[in-house]
Amino acid sequence: MATSTHRILVVLFCVTTPVHADTTKEPVISDKVVCVDAHAWGQELRTRSRLREAVETLAACAQSVCPTIVRDECRAWKAEVENQIPTVSLSVVDGSGQAVSDVTVFLDGEKLTDDAWEHPIQLDPGERLFRFVHRGQVIERGLWVREGERNRTLKVAFGGAYGSTETKKTEDEPTKPASSDVGAVAPDPGPESSSSWQQPLGFGLVGAGTLGLASALYFGLSARSQESDLTDSCAPHCAAVEVDSMRRKYLISDVSLGLGILSGTIGGWLLLSYEEPTKSSQSWVLVGPTTAGAAISVVGAF
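The letter at position 87 of the sequence shown is residue 107 when you use our numbering, and the numbering goes up by one with no holes.
In structure tokens:
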């Protein structure tokens, strides 16, 4: 009986010991493929400017169980991306400048918790839309967020009537350089504007027609020479390949001739019907730098 009891205790010890040991181990990634996948996907998310997701993904391949090369790169990239994530602080006040607390904030259509917007908010680069709701008033603010731009403040002031909605266009949105107000006038659509394309197009078509005629002449002479050689050497039992080559040259010659004549005719008509602008309607567009960027001016002779 003592021997049986001893065996049972040994078996119980052997069975329970591994279970106790597992509870002390740190959770690890069993499949190293997960590390490699996270390594690749983290880079892709970073390229797409989805920086917050990139940090979470890179954290998966930065664990100690991942291969050394993968782990080291993920840790370095994770630190870089964390520094590149833009942050924005929200300041909401009433008409007297006092801070407002009972306000609901939406970011790109998703509601933020009260404690979330009371601290700097991490955002992905790009255009973001904030919507503030306070006692029946709604204010929308668009914000263009740049990578690496941190600790920026967006201030919103309530003071309108109940049920009012205020929308403001995106702040700091990249825009095209504006010209100076001085000397920047709309181009004068003179009589020559409708035919300004006529002369260049005419020359182009005449040139294309000349090339077409030259091509027709070359392939026509080449085909005639080949036909003469075949007649003297093998007619009427010449190889099909040689006969097809001769016919192909004749075809190219005919097509080139037709296109050349058509292009030349149209081009010649455009040039002959082109009328030079009269002196009274001549105008020039001048573009030059200014302190504000550039200016476009129209100078005319009348």
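Glycine is no exception: its CB is placed at the ideal position from the N, C-alpha and C atoms.
The model shown is predicted, which means the values in this text are computed figures rather than measured ones.
Selection from the options that minimises the alpha carbon distance to residue i
i, options, result
"R72", "E100, C86, K131, W289", "E100"
"L221", "D128, S293, L241", "S293"
"S242", "V263, S111, T133, G224", "V263"
"G120", "H154, K269, D144, T88", "Before going further, note that residue 120 is Val rather than Gly in the sequence given. Minimum Cα distance to V120 is reached at H154."
"A236", "E247, V275, Q63", "V275"
"F150", "G168, E167, T173", "T173"
"Q219", "L291, P256, L233", "L291"
"E160", "L127, H139, E167", "L127"
"E147", "I281, Y238, T133, G129", "G129"
"G224", "R166, G287, I281, V261", "G287"
"R68", "L231, E247, P145, W217", "P145"
"C55", "D249, Q63, R91, R70", "R91"
"K52", "M266, R70, C86, D134", "C86"
"V176", "R166, V123, A79", "V123"
"I281", "A79, S84, G232", "G232"
"G217", "S84, A96, E295", "For clarity, residue 217 is Trp in the given sequence; the question names Gly instead. Out of S84, A96, E295, E295 has the C-alpha closest to the C-alpha of W217."
"M266", "A80, R244, P256", "R244"
"W289", "S248, G229, T251", "G229"
Residue i, buried or exposed, once every other Cβ within 10 Å from all chains shown has been counted against 16
i, result
"K131", "exposed"
"S116", "exposed"
"C94", "buried"
"I141", "buried"
"V75", "buried"
"C254", "exposed"
"G227", "exposed"
"Q118", "exposed"
"L271", "exposed"
"V125", "buried"
"A60", "exposed"
"A260", "exposed"
"K98", "buried"
"A82", "buried"
"G278", "exposed"
Cβ distance (whole Å) where residue i is taken to contact residue j below 8 Å
i, j, result
"S283", "G240", "Not confirmed; about 18 Å, so no contact."
"V112", "F152", "6 Å"
"P106", "R170", "6 Å"
"W137", "L110", "5 Å"
"A58", "T88", "The Cβ separation is near 15 Å, so there is no contact."
"G156", "D114", "About 13 Å; that fails the 8 Å criterion."
"Q104", "G62", "Contact flag wrong, Cβ pair sits at about 13 Å."
"V158", "L143", "Incorrect: roughly 21 Å between the Cβ atoms, too far for contact."
Segment limits, beta strand (DSSP E) that includes residue i
i, result
"E169", "No beta strand (DSSP E) contains E169, which DSSP labels as neither H nor E."
"T285", "Premise fails: T285 lies in the alpha helix (DSSP H), 260-292, not in any beta strand (DSSP E)."
"T124", "124-127"
"R151", "146-154"
"T107", "107-113"
Host alpha helix (DSSP H) of residue i (start-end)
i, result
"S242", "218-253"
"H59", "52-67"
"T77", "71-81"
"E100", "88-104"
"A136", "134-137"
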